[in-house]
Structure formats: structure tokens, C-alpha cells
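Here our numbering runs 9 ahead of the position in the sequence shown, where the first position is 1. Below is one structure; the comments refer to it alone.
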Amino acid sequence: MPARYTAYGPWLRNKFGGRVYKVSVDGGFTCPNRDGSVARGGCTYCNNDSFRATGVSARHSVEDQVQKGIAFLSNRYQAEKFLVYWQHYTNTYGPVDLLRRLFVRSLEADERVVGLSIGTRADCVEDEKLEMLQDLAQTHFITLEYGLESIYDSTLARLNRGHDRSCFEDAVRRTRKRGLPICTHVILGFPWETREQMLSYPDYLNSQPIDFLKIHHLHVVKHTALGREYLADPFWTFSYPEWICFVCNFLERLSPHIVVQRLYGWAPDQDLIAPKWGKAKAVILRDIEQELERRNSWQGKDPNPVNPVNPVEKVFRQD
Numbered sequence: 010m011p012a013r014y015t016a017y018g019p020w021l022r023n024k025f026g027g028r029v030y031k032v033s034v035d036g037g038f039t040c041p042n043r044d045g046s047v048a049r050g051g052c053t054y055c056n057n058d059s060f061r062a063t064g065v066s067a068r069h070s071v072e073d074q075v076q077k078g079i080a081f082l083s084n085r086y087q088a089e090k091f092l093v094y095w096q097h098y099t100n101t102y103g104p105v106d107l108l109r110r111l112f113v114r115s116l117e118a119d120e121r122v123v124g125l126s127i128g129t130r131a132d133c134v135e136d137e138k139l140e141m142l143q144d145l146a147q148t149h150f151i152t153l154e155y156g157l158e159s160i161y162d163s164t165l166a167r168l169n170r171g172h173d174r175s176c177f178e179d180a181v182r183r184t185r186k187r188g189l190p191i192c193t194h195v196i197l198g199f200p201w202e203t204r205e206q207m208l209s210y211p212d213y214l215n216s217q218p219i220d221f222l223k224i225h226h227l228h229v230v231k232h233t234a235l236g237r238e239y240l241a242d243p244f245w246t247f248s249y250p251e252w253i254c255f256v257c258n259f260l261e262r263l264s265p266h267i268v269v270q271r272l273y274g275w276a277p278d279q280d281l282i283a284p285k286w287g288k289a290k291a292v293i294l295r296d297i298e299q300e301l302e303r304r305n306s307w308q309g310k311d312p313n314p315v316n317p318v319n320p321v322e323k324v325f326r327q328d
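Here it is, written out as C-alpha cells:
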């Protein structure tokens with residue numbers, strides 16, 4: 010059966026000729042909206058520990074983190090090649106010489122490392138850093154992952170991001186100029202954004218020269234400002250049937266040229282406040298694929314829908 014959306018795993022296998030997995034590392038960085046450079050407190054939804062892989066800690070050397078991650082992934086998933094995923098906080102927030110040393114060390118930690126995926130913010134990629142990454146990209150696959158989160162400046166301000174959409178657009182333009190692949194991360198389900206607003210994201214993303222996309226539903230986690238807000242006055246979050254339907258609506262509007270890296274958010278049960286779906290990752294992907302099949306639909310099928318929002322409970326069937 011042909012694929013109904015452009016998934017990252019098959020794309021990587023096609024590019025590198027084998028099973029490619031990301032190895033998460035923590036470089037000990039922080040964020041400019043945490044340390045006072047642009048704000049304090051960080052993003053209102055963010056608790057980095059809620060997505061920290063087991064054994065990943067800046068207390069260990071970069072080499073140790075990479076090698077332990079590779080050993081685990083090779084044994085469990087028969088992974089053959091690896092991208093070092095600089096995941097925690099803002100991984101270009103530091104002097105360019107320090108960044109180069111850390112990135113080179115991670116690339117040289119194991120001969121099976123084929124590249125880097127660097128999570129960062131649009132306001133932390135000065136030209137000298139992009140030029141350094143362009144140099145590394147001569148021999149390795151270097152992707153920059155920008156957390157856009159929302160296309161609305163009012164939401165970005167409410168989340169304490171400390172930058173606006175135009176900052177993202179400038180970073181994307183300068184990154185594309187240097188030929189570096191771009192991944193964008195968005196969160197859907199902020200209770201003050203309407204479904205019509207959320208379904209306008211694909212139009213905007215399609216207009217940007219990005220290569221990859223991570224789509225998260227909003228999940229509320231402990232030890233965050235948003236978590237405290239939810240506990241004081243619970244607000245709407247996506248139910249499981251709603252999300253399956255919604256993300257399919259989203260995919261129908263998204264250009265098939267954008268490779269989808271993720272289709273849901275995830276947090277450990279001990280950190281998660283809401284929504285609690287109780288679904289395994291494989292089940293979520295299966296249900297998304299089955300809903301697309303039920304509709305006889307696919308990524309990019311309906312870029313300009315006449316009826317952009319469907320009654321989700323009537324559209325999605327769990328049986």
C-alpha cells in the first residue's frame with residue numbers, strides 16, 4: 010500500500026541506505042528566555058526532563074552519551090547509522106568555538122554517526138554559527154530544528170518565547186541561503202487558538218522553505234507554568250479521537266514535499282497532567298494511518314478545503 014504521508018523513517022532509510030536513529034545528547038545549554046537575556050522562566054509549557062531519554066545527562070561526556078545511546082539503539086532496534094540529536098534547551102546558545110568543538114566531538118564519537126540534528130531557537134543562529142555548520146555539512150548531514158511552536162505572535166508572547174514569527178522567518182531565510190536542511194516544530198491545541206486558526210498552520214508552513222516538520226499536540230506537564238495554570242483552572246485539550254481526526258485534516262493541507270518527523274507529543278506518565286490518552290506510540294501512528302485510509306486521503310490532498318473543520322466525533326471511528 011502506498012504511503013499516505015511523507016514519513017521521516019523511510020526518508021532516512023532511502024537517503025542513507027539503512028536503519029537510521031537519533032541519539033539524544035545533552036550539551037548543558039540553557040535558553041535566552043530562561044537566563045534573563047530576553048526573559049526569565051522559560052517557555053510556559055516546557056519541562057525538559059519530560060522528554061529526556063534514559064541516561065542522557067550533561068554530567069556525562071558527549072562521547073559517552075553518544076556511545077551509550079548507540080549501544081542501546083543498535084541492540085533494541087538493529088539501528089545501523091545515527092544522527093546525534095542535540096535536543097535539550099537551545100543548542101546554538103553559546104560561543105561559536107565551543108559549539109564547533111562539541112559538535113565535532115559528537116560527530117567523531119562513533120564511525121556510524123552520519124550527522125547532527127540540532128534543536129535551537131530562531132534568535133540564536135547568528136551568521137557565524139550558520140557558517141560553522143555549513144562547514145560541517147561538507148562531510149555530514151546537518152539539520153537545524155527550529156522551535157516555531159505557533160504561527161501567531163500573540164501566542165508566542167503568551168508562551169514567553171521571547172521572539173516573534175518574523176525572527177523565525179529571518180532564521181529560515183539565512184539557513185536556507187547556506188543550504189542547511191530545516192526542521193520546524195509546532196504545537197497544536199493551545200486553548201485560546203481556534204480550530205480554524207490551527208488549520209491555517211499548513212498554509213503558512215507550505216509558504217516557508219522548510220524540509221521537515223514535527224507536529225505535537227499540546228500536552229500539559231508538571232513543573233511548568235502551564236501545568237500550574239491547568240491545575241488551578243483546567244482548560245480544553247485534545248481528546249484522542251479529536252486528535253486523530255484533526256491531525257489528518259492538518260496533513261491533508263500540508264505539502265507532500267515536507268517530510269513529517271512527528272505526529273503527536275509524548276511525555277512519561279509520571280510527568281503528564283493532560284491529556285492522558287493511554288495509547289502506545291505505535292497505536293497512535295496506526296490509528297492516524299487507518300483514518301487516512303478510511304478517508305482515502307493523503308498528505309497534501311486538499312490544500313484549499315471548502316469545509317476546513319469536521320465534527321471530529323462523527324469522522325473518526327475507534328473500532
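All C-beta atoms, glycine included, are put in the ideal place defined by N, C-alpha and C.
- In chain order, 56 place their CB closer than 6 Å to the CB of residue 232, counting only its own chain and leaving out the 5 sequence neighbours on each side.
- Inclusion of residue 193 and residue 219 in the CB contact set at 7 Å is warranted, their separation being smaller than that value.
- Between residue 187 and the set 255, 140, 155, 171, the nearest pair of CA atoms involves 140.
- Closest option to residue 24, judged by alpha-carbon separation, among 268, 225, 300: 268.
- Inside the segment 74 to 133, DSSP marks whole beta strand (DSSP E) runs of 3 or more residues at positions 90 to 95, 122 to 129, from first to last along the chain.
- According to the DSSP assignment, residue 221 belongs to no alpha helix (DSSP H) but to the beta strand (DSSP E) extending over 221 to 226.
- If you check the CB distance, residue 200 and residue 252 do not come in under 7 Å.
- In terms of Cβ geometry, residue 137 and residue 113 do not form a close pair [threshold 7 Å].
- If you look at residue 175, you'll find it in the alpha helix (DSSP H) that goes 174 to 186.
- For secondary structure counted as the beta strand (DSSP E) over 3 or more consecutive residues, the segment 269 to 321 holds these complete runs in sequence order: 281 to 283.
- The three-state secondary structure of residue 17, taken from DSSP, is helix.
- In the DSSP assignment, residue 154 falls within the unbroken beta strand (DSSP E) covering 150 to 158.
- About 6 Å separates the Cβ atoms of residue 272 and residue 297, confirming a contact at the 8 Å cut-off.
- Counted as a single uninterrupted DSSP element, the stretch harbouring residue 65 is not any alpha helix (DSSP H), since DSSP gives it neither H nor E.
- Inclusion of residue 99 and residue 40 in the CB contact set at 7 Å is warranted, their separation being smaller than that value.
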